[in-house]
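Enquirer: First residue of the sequence shown? That's 1 in UniProt numbering, and the numbers climb one at a time after it.
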Amino acid sequence: RNQLCKTHAWKEDLLPTSVIITFHNEARSTLLRTITSVLLRSPPNLIQEIILVDDYSDKPDDGLELAQIQKVKILRNERREGLMRSRVKGADAATAPILTFLDSHCECNQHWLEPMLERVMEDRTRVVCPIIDVINMDNFQYVGASADLRGGFDWNLVFKWDYMTANQRNARRSDPIAPIRTPMIAGGLFMIDKSWFDELGKYDMMMDVWGGENLEISFRVWQCQGSLEIIPCSRVGHVFRKQHPYTFPGGSGNVFTRNTRRAAEVWMDEYKEYYYAAVPSARNVPFGNIQSRLELRKKLSCKPFAWYLEHVYPELRIPDKKDVAFGALQQGTLCMDTLGHFADGTVGVYECHGSGGNQEWALTKDKSIRHSDLCLTVVNQNPGELLKLHGCQEKNTKQKWEKLDNNRLQFMGSSLCIDSKVHKEKGLTLETCDSGSLTQVWKFTLNNLKHH
Ligand code: LR7
Ligand code: MN
């Protein structure tokens, strides 16, 4: 923790919480570590109970044995329900006014609880999480994680950590233990007022196994007049694993996509089209009935997704209405990159970093390939000639490109394509289009955009 956390005096009259841990085939040792750390690292009066929800693990005995520990209660599903319905079962059984969810392989650190309780008690619409440290999956060592991260996503709707912008980091320097507003929560470790969890619609009970519920609850909290925060003085370790140690009834890809579609269809309004542009195969996965969740959204008078994008996640780039494709232009692991050059500069390729910037391009309806207000321009229309960045001009025929079906970018009216084969010495060049040449393959991360 930041040193300042030690001297901060937490409120005296904090309310107790019920800790809810769902698990499917978790090792008993890691479960024990989670439970023990909750009991040893929290003021006893603030832990009402620990509710374990055994999501139909192969061995019922583990849960039964752990339930012999003080304050630990066990519920067991009669069939595999997945983490969403399991958490709701735990929440419904909870007797404390505040719920704390944890994954089944955590270690709560010193004074992890008080700073979060304080925030939720001040305002019950705040949903708060700790900084999630790393428990090394090879030797179970506790390793501190960066405190300068927030939760976010790209248009593929997969959770990712975002580095803070320079402004956000500066603000943090003046008050390092202030709560960090986060567009999305990782999903497993958070605290929420129980009455508000209920009012807000708990979880989507038609989501299965794993995935998508974190996106859904994040949109729901923000759009329905709540907020999400990371509390820097609260730290909890989590075992990050390479793969799921359990089966996915229905197949992991399908289940994840189905859950994600349910979140997108209910909460994202017309912006869901950018998700389908980024993950076209998602359209083939049926997502079931969402009527009751749409009604919930209406009943709670939740704000449109456009509001969320503008006020909560302005860092997420929105394709322009004039674009037909957008994002990075990928060639294997490399991406087209301005290399920091400006007007009259050349362009090259660089390892894809996934954070836009010099690697953000748009193919526009008027057929230019655009980076900000600079366009890829042909100076001399011959093989081997370097491409340049020039200011975009709508009528300039030297700035017109055709995206071919085999992922080539062809200079309009010619048989020349953008090629990276000599980029190291000079930059990207025009070369005779060749469907066998890998240095001419360019794929936009978002294709065939439809705007509403
Ligand atoms: O069918 C299942 N039933 C369960 O009870 C599948 C899982 N589970 C339990 C499981 O035993 C575990 O306790 O649910 C919990 C989460 O499953 P994990 O640990 O396999 O998930 P994860 O840590 O890989 O995934 C993160 O994203 C998930 C999306 O559905 C959940 O929100 C997890 O809680 C979440 N974990 C965290 O936020 C911890 C920090 C990770 C990060 C980033
Ligand atoms: Mn986990």
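For each residue, glycine too, the CB sits at the ideal point set by N, CA and C.
Please read these numbers as outputs of a predicted model, since none were measured by experiment.
I'd like the list of long-range same chain contacts for Gly288, defined as Cβ closer than 6 Å, with 5 residues on each side in sequence excluded.
Expert: The residues are Met206.
Enquirer: If we call anything under 8 Å between Cβ atoms a contact, is Ile231 one with Pro130?
Expert: Taking 8 Å as the Cβ cut-off, Ile231 and Pro130 qualify as a contacting pair.
Enquirer: Checking 8 Å against the spacing of the C-beta atoms, do Thr445 and Ala171 come in under that value?
Expert: No, these two residues do not count as a Cβ contact at 8 Å.
Enquirer: Where does Phe240 land, buried or exposed, given buried means 16+ other C-beta within 10 angstroms?
Expert: Exposed is the call here.
Enquirer: Can you give me the C-alpha to C-alpha distance between residue 532 and Glu273, rounded to a whole angstrom?
Expert: The requested residue 532 does not occur in the structure, where the chain is confined to residues 1 to 452.
Enquirer: Terminal residues of the continuous beta strand (DSSP E) containing Arg126?
Expert: It spans 126–135 - the beta strand (DSSP E) in which Arg126 sits, taken as one unbroken run.
Enquirer: Under 8 Å, do Leu330 and Cys352 count as touching if we go by C-beta distance?
Expert: Here residue 330 is Gln; the residue named in the question, Leu, does not match the sequence. The answer is yes: Cβ separation under 8 Å.
Enquirer: For Lys443, which residues in the same chain have their Cβ closer than 6 Å to its Cβ, ignoring the five residues on either side in sequence?
Expert: Within the same chain, Lys443 has close Cβ partners Gln330, Asn407.
Enquirer: Identify every residue that forms a DSSP beta bridge with Cys417.
Expert: Beta-bridge pairing links Cys417 to Gln410, Glu431.
Enquirer: Could you have a look at Trp361 and say whether DSSP puts it in helix, strand or coil?
Expert: Looking at Trp361 - three-state DSSP - the assignment turns out to be strand.
Enquirer: Return the first residue and the last residue of the alpha helix (DSSP H) that Cys5 is part of.
Expert: First-last of the alpha helix (DSSP H) with Cys5: 4–7.
Enquirer: Quick one: what does DSSP say Asp198 is sitting in, helix, strand or coil?
Expert: If DSSP states are grouped into helix, strand and coil, Asp198 belongs with the helices.
Enquirer: Confirm, please, whether the CB-CB distance from Gly188 to His238 is below 8 Å.
Expert: Their beta carbons are under 8 Å apart, which means His238 touches Gly188 by this criterion.
Enquirer: Can you give me the C-alpha to C-alpha distance between Arg150 and Ser355, rounded to a whole angstrom?
Expert: Arg150 and Ser355: Cα-Cα distance of roughly 14 Å.
Enquirer: Is the beta carbon of Val209 within less than 7 Å of some heavy atom of the ligand LR7?
Expert: Yes; taking the cut-off as 7 Å, the Cβ of Val209 has a heavy atom of the ligand LR7 nearer than that.
Enquirer: Looking only at C-alpha atoms, which of Leu449, Cys375, Leu316 sits nearest to Val158?
Expert: That would be Leu316, whose Cα lies nearest to the Cα of Val158.
Enquirer: Under a three-way DSSP split, which group does Gly253 fall into?
Expert: Note: Gly253 maps to helix in three-state DSSP.
Enquirer: Can you check whether the CB of Asp434 is closer than 8 Å to the CB of His390?
Expert: Not closer than 8 Å, so no.
Enquirer: Classify Trp307 as buried or exposed, calling it buried when 16 or more other Cβ atoms lie within 10 Å of its own Cβ.
Expert: Exposed, by the Cβ-count rule.
Enquirer: Given a threshold of 16 other Cβ atoms within 10 Å of its Cβ, counted over all protein chains shown, does Phe342 qualify as buried or as exposed?
Expert: Exposed, because fewer than 16 other Cβ atoms sit within 10 Å of the Cβ of Phe342.
Enquirer: Looking only at its own chain, which residues have a Cβ that is under 8 Å from the Cβ of Asp55, when we skip the five neighbours before and after it?
Expert: Excluding sequence neighbours, Asp55 sits near Thr22, Phe23, His24, Asn77, Arg80, Glu81, Gly82, Leu83, Ser86.
Enquirer: Which runs of the alpha helix (DSSP H), 4 residues or longer, sit entirely within the stretch 355–399?
Expert: You should have found no qualifying run.
Enquirer: Based on Cα-Cα distance, which residue from Gly427, Gln440, Lys400 lies nearest to Ile418?
Expert: Measuring from the Cα of Ile418, the nearest candidate turns out to be Gln440.
Enquirer: Mind checking Gly357: buried by the 16 CB within 10 Å criterion, or exposed?
Expert: Counting Cβ neighbours within 10 Å, Gly357 comes out exposed, since fewer than 16 surround it.
Enquirer: List the whole-angstrom C-beta distance separating residue 467 from Thr257, where the pair is believed to meet the contact cut-off of C-beta under 8 Å.
Expert: What the structure shows of the chain is the stretch from 1 to 452, and residue 467 is not part of that stretch, so it cannot be assessed.
Enquirer: Checking the sheet assignment: what are the DSSP bridge partners for Cys106?
Expert: Per DSSP, His238.
Enquirer: Could you tell me whether the Cβ atoms of Ser227 and Val236 are closer together than 8 Å?
Expert: Not a contact, by the Cβ cut-off of 8 Å.
Enquirer: Quick check: is any heavy atom of the ligand MN less than 7 Å from the C-beta of Gly188?
Expert: Checking the Cβ of Gly188 against the ligand MN gives yes.
Enquirer: Could you tell me whether any non-hydrogen atom of the ligand LR7 is closer than 7 Å to the CB of Arg80?
Expert: For the ligand LR7, at least one heavy atom lies less than 7 Å from the Cβ of Arg80.
Enquirer: Less than 8 Å between the beta carbons of Met53 and Leu75, yes or no?
Expert: Reading off the sequence, residue 53 comes out as Val, not Met. Against a cut-off of 8 Å, the Cβ pair of Leu75 and Val53 comes out as a contact.
Enquirer: How is Glu273 classed by DSSP in three states: helix, strand or coil?
Expert: The answer is helix: DSSP assigns Glu273 an H, G or I state.
Enquirer: With a threshold of 8 Å between beta carbons, is Lys367 in contact with chain B?
Expert: Protein chains in the displayed structure number just one, and chain B is not present.
Enquirer: For Tyr275, does the count of other Cβ atoms within 10 angstroms reach 16, so buried, or fall short, so exposed?
Expert: With 16 or more Cβ atoms within 10 Å of its Cβ, Tyr275 is classed as buried.
Enquirer: What do you get for Asp154, buried or exposed, if any count of 16 or more other CB atoms within 10 angstroms of its CB means buried?
Expert: Burial call: buried.
Enquirer: Hey, out of Val312, Glu310, Ala264, Lys303, whose CA is closest to Ile290's CA?
Expert: Here the closest residue by C-alpha is Ala264.
Enquirer: Taking only the alpha-carbon atoms, compute the straight-line gap between Leu449 and Trp196 and give it to the nearest angstrom.
Expert: Roughly 37 Å separates the two Cα atoms.
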